[in-house]
Amino acid sequence: LAAFFAPKLLAGQRVLITAGPTFEAMDPVRGITNLSSGKMGFAIARAAREAGAEVTLVAGPVHLPTPRGVRRIDVRSAQNMLEAVEGQVPGATVFIATAAVADWRPASSAEHKIKKDGSGQVPALAFVENPDILATVARSERARSGSLYCVGFAAESENLLEHASAKRARKGVPLLVGNIGPATFGQDDNALLLVDAQGHQELPRAPKAELGRQLVAEIARRLGVAAA
Ligand code: CTP
Ligand code: CA
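Here it is in structure tokens:
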């Protein structure tokens, strides 16, 4: 019912969201990942849909139901996620990167399960850097021409404002949303710090569902300002 009465702040917008962790394989049964639950991204997807947007959610491995009316594309690795996102960018008007993308992946993934050889020897893992999905999208023609509004996230364990401001500049996005982790990972509550060219603003601790709605309203306001 709340959804029915939600103001249609994002009517006509096509919102693309990444959420959850990525999983980087080292062999067919093992890999590295991180503790993102995907809850914040899924809450934003739901709120954007309720605000009248057409929403595509590119999700890493998470255990969450798809919000009603949202189109979901499941992916596993950062490379899969980049590919899925790049396929959707041409139609999108807003990109929100909430995914906790693994920064590195094993340099190679064994075709078959790596076996113990009985000698006590451990496998050496070498890593390579994953593509930066947000920075790639922010550099795209659509983003640079103003047709695609990009929003980044940052989970930091300290100096949130400083790190978030620096990250906003580094990624080249108009809006960067910071939160203090890992305490909030997997929780139903969060608190957000919005950093844009005008300054910063806090969305105080609240359920992620509520923060999703507040963030959607803030994005809609900025889109309105940009369009005016
Ligand atoms: N991000 C991304 N692709 C990556 C890494 C990050 O799209 N390979 C996005 C995240 O979804 C988030 C933003 O970039 O919106 C910031 O992610 P974060 O991990 O905080 O920043 P990094 O640039 O990876 O820096 P670091 O982890 O060292 O703080
Ligand atoms: Ca990172």
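First residue of the sequence shown? That's 180 in UniProt numbering, and the numbers climb one at a time after it.
Glycine included, every Cβ here is placed at the ideal spot set by N, Cα and C.
Only a predicted model underlies this, so the values are computations on that prediction, with no experimental measurement involved.
Along the beta strand (DSSP E) that carries residue i, what are the first and last residues, could you check?
i, result
"Gln380", "Gly378 to Pro386"
"Arg323", "First-last for Arg323: Glu320 to Arg323, but that is the alpha helix (DSSP H), not the beta strand (DSSP E)."
"Phe202", "Counting along the chain, Phe202 falls outside any beta strand (DSSP E), and DSSP gives it neither H nor E."
"Asn358", "Leu354 to Ile359"
"Pro285", "Trp283 to Pro285"
"Phe306", "Phe306 to Glu308"
Who does residue i pair with in a DSSP beta bridge?
i, result
"Phe274", "Leu195 and Cys329"
"Glu341", "None, per the DSSP bridge assignment."
"Arg251", "Leu236"
"Asn369", "Ala385"
"Asp296", "DSSP, once it has assigned bridges, lists no residue as partnering Asp296."
Beta carbon of residue i, beta carbon of residue j: below 9 Å?
i, j, result
"Leu189", "Ala232", "yes"
"Val352", "Ala317", "yes"
"Val268", "Gln192", "no"
"Val249", "Val234", "yes"
"Gln380", "Leu390", "no"
"Met205", "Ser256", "no"
"Arg392", "Ala230", "yes"
"Ser182", "Arg284", "Position check: residue 182 holds Ala in this sequence, whereas Ser was assumed. Taking 9 Å as the Cβ cut-off, Ala182 and Arg284 do not qualify as a contacting pair."
"Ala227", "Val254", "no"
"Gln366", "Asn309", "no"
"Lys350", "Ala376", "no"
"Lys292", "Arg209", "yes"
Pop quiz: residue i and residue j are said to be a contact at Cβ under 8 Å. What is the actual Cβ separation, rounded to whole angstroms?
i, j, result
"Ala370", "Pro383", "6 Å"
"Ile312", "Leu261", "5 Å"
"Ala333", "Gly357", "5 Å"
"Val330", "Ala396", "Their Cβ separation, rounded to whole angstroms, is 13 Å, which puts Val330 and Ala396 out of contact at 8 Å."
"Ser344", "Val374", "5 Å"
"Ala286", "Ala303", "Their Cβ separation, rounded to whole angstroms, is 10 Å, which puts Ala286 and Ala303 out of contact at 8 Å."
Check for me: the alpha helix (DSSP H) holding residue i runs from which residue to which?
i, result
"Leu312", "The sequence given here has Ile at residue 312, not Leu. Here the alpha helix (DSSP H) through Ile312 covers Ile312 to Ala317."
"Val264", "Ala257 to Gln267"
"Phe184", "Ala181 to Phe184"
"Gly220", "Lys218 to Glu229"
Assess contact between the segment 194-209 and the segment 228-244, defined as three or more Cβ pairs (one per stretch) separated by less than 8 Å. Is contact present? yes
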